[in-house]
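Just below is one structure, and these are the notes that go with it.
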Amino acid sequence: MAERTRVVVGHIFSDHGHDVLGTTAPISSILDKQGSLRGKTLFITGASRGIGLAVALRAARDGANIVIAAKTASPHPKLSGTIFTAAKEIEDAGGKALPVVCDIRDEEQVNAAVKKAVERFGGIDICVNNASAISLTGTQATPMKRYDLMHQVNSRGTYLVSRACLPYLKKSSNPHILIMSPPLNMETRWFEHHVAYTSAKYGMSMCTLGMAGEFRRDGIAVNSLWPRTGIATAAVKNMGGADLYKRSRSVEIMADAAHVILIQNSRKVSGKFFIDEDLLRSVGVRDFSKYLPPGGSE
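According to full-length UniProt numbering, the residues represented by the sequence shown are 1 to 298, in order.
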């Protein structure tokens, strides 16, 4: 089947995931449909709100340990949630939480956060690279300060956090790195409207491409996950307005898709660029109306 792609308000979306390790079997034939993250330790960047928090809450319902690595320790004027409010939600959902103030641009802060995670929970089983900076602007409208921020947070931050977690992932029985980034479609149309942002996100995806191969022998799965539609986060509402928000899906669709990936055998499912809806359909989900935000429509 030919790949179909589209842009929605400058975001990059793909209707089909890609396999960079050459597996030819249909994905539905190799995915486990049942599993739990109970007792697993997840190090999640940007988990104080949005998709990162949703992934954390889904794992918490299994009884997982969650390290909330994010910058927000005090309330933001436009975005709700801090690492401490997230920790309470996680513990209320049945998980254990460790809130850590961490700017993933800072190597010392990342290493300190990983050290705290290991001291508290004994290791790290899963690294979720969710934190990201966005500016859907053209070249002349993107100052170098904004360019640098996106590349430092997105591609460099993903590389740094993954690297810091690796010694502990190698000791895990089922280690995963999950990166929230798009399939690598090297066509002009995905770059021409916001080359700085796309190149920063593709830097994350290249971590998936390279690390999946590099750490295959260690049994560490490295996969990417990307939404088919917009996701109804506060950031999307602030950027795209109420109309885009209503046409988006809730963060829970990404959380459910992430859960499916993270319960897989890390030696069998790696090097893939998953699209949330396609992945969930492959494990039997048919009703996606439950992922609509209040007042939303498909």
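Beta carbons: idealized from backbone N, C-alpha and C, even for Gly. These figures come from a predicted structure and were not determined experimentally.
Residue i: beta carbon under 7 Å from a heavy atom of the ligand MN?
i	result
ILE275	The model depicted lacks the ligand MN and carries no ligand whatsoever.
Assuming residue i is part of the alpha helix (DSSP H), what are its boundary residues?
i	result
SER270	Neither: SER270 is in no alpha helix (DSSP H) and is coded neither H nor E.
THR198	195-214
HIS259	252-262
LEU169	157-169
GLY276	What sits at residue 276 in the sequence shown is Asp, not Gly. First-last of the alpha helix (DSSP H) with ASP276: 276-282.
Between which two residues does the beta strand (DSSP E) containing residue i stretch?
i	result
ALA131	Unbroken run through ALA131: none, as it is neither H nor E.
ASN65	65-70
THR45	41-45
ILE90	Where ILE90 is concerned, there is no enclosing beta strand (DSSP E), although the alpha helix (DSSP H) it sits in stretches over 83-92.
LEU178	176-179
Using CA atoms only, rank isn't needed, just tell me which of the options is closest to residue i.
i	options	result
ARG228	VAL260, PHE274, THR188	PHE274
GLY219	THR41, ARG38, GLU119, ASP125	ASP125
VAL251	VAL100, ALA59, GLY230, LEU169	GLY230
SER132	ALA69, LYS33, ALA97	ALA69
PRO294	ARG105, LEU149, THR233	THR233
ALA221	TYR245, LEU262, LYS116	LEU262
LEU225	MET150, TYR168, ASP148, ILE177	ILE177
ARG58	ALA200, GLY35, PRO182	GLY35
MET204	GLN152, VAL114, GLN264	GLN152
PRO182	ARG61, TYR245, LYS272, LYS268	LYS272
LYS116	GLU91, ILE90, ASN65	ASN65
SER48	ARG61, ALA87, LYS268	ALA87
THR142	GLU91, PHE121, LYS246, HIS194	HIS194
ASP121	GLU107, ASN111, LEU42	Looking at the sequence itself, residue 121 is Phe, so the reference to Asp does not match. The residue with the shortest Cα to Cα distance from PHE121 is LEU42.
LEU169	SER199, MET186, PHE215, ASN185	PHE215
Below 8 Å on the Cβ atoms is my contact criterion, and I expect residue i with residue j to pass it. Report the Cβ-Cβ distance as a whole number of Å.
i	j	result
ALA257	LEU292	Actually they do not touch by this definition, with Cβ atoms about 16 Å apart.
GLY39	GLY63	7 Å
ILE134	TYR202	Contact doesn't hold; Cβ gap of about 13 Å is too wide.
ASP276	ILE253	5 Å
ALA93	ILE83	Not a contact, Cβ separation roughly 16 Å.
GLY213	LYS33	Going by Cβ atoms, the distance from GLY213 to LYS33 rounds to 27 Å, so no, they are not a contact pair.
ALA164	VAL114	5 Å
SER173	ASN223	With 8 Å as the limit, SER173 and ASN223 do not qualify as a contact, their Cβ atoms being about 18 Å apart.
VAL118	VAL161	In fact, because the Cβ distance is near 14 Å, the residues do not count as touching under 8 Å.
residue 300	GLY123	In the structure as shown, the chain starts at 1 and stops at 298, and residue 300 therefore has no counterpart that could be examined.
How is residue i classed by DSSP in three states: helix, strand or coil?
i	result
ALA59	helix
ALA141	coil
HIS76	coil
VAL222	strand
PRO99	strand
THR229	coil
LEU292	coil
ILE124	coil
ARG38	coil
HIS11	Note on HIS11: pLDDT 42, under 50, position unreliable in the model; the coordinate value appears next. Three-state DSSP puts HIS11 in a strand.
ARG105	coil
ARG189	helix
VAL114	helix
ARG249	strand
ASP287	coil
ARG146	helix
LEU184	coil
TODO: Report yes or no: do three or more beta-carbon pairs, one from the segment 78-88 and one from the segment 128-146, lie closer than 8 Å?
DONE: Touching, no.
Open item on the list: Pairs of beta-carbons, one from the segment 99-106 and one from the segment 156-176, closer than 8 Å: are there three or more?
Closed with: Yes, they touch.
Open item on the list: Is it the case that the segment 185-195 contacts the segment 203-211, given that we only count it when at least three CB pairs across the two stretches are under 8 Å?
Closed with: Contact between the segment 203-211 and the segment 185-195 is absent, because fewer than three Cβ pairs lie under 8 Å.
TODO: May I ask you to verify whether the segment 84-100 touches the segment 137-148, counting CB pairs closer than 8 Å and requiring at least 3?
DONE: Judged by pairs of C-beta atoms under 8 Å, the segment 84-100 does not touch the segment 137-148, as fewer than three such pairs exist.
Open item on the list: Counting beta carbon pairs with one atom in the segment 136-144 and one in the segment 46-56, are three or more of them shorter than 8 Å?
Closed with: In this structure the segment 46-56 does not touch the segment 136-144; the number of beta carbon pairs closer than 8 Å is below three.
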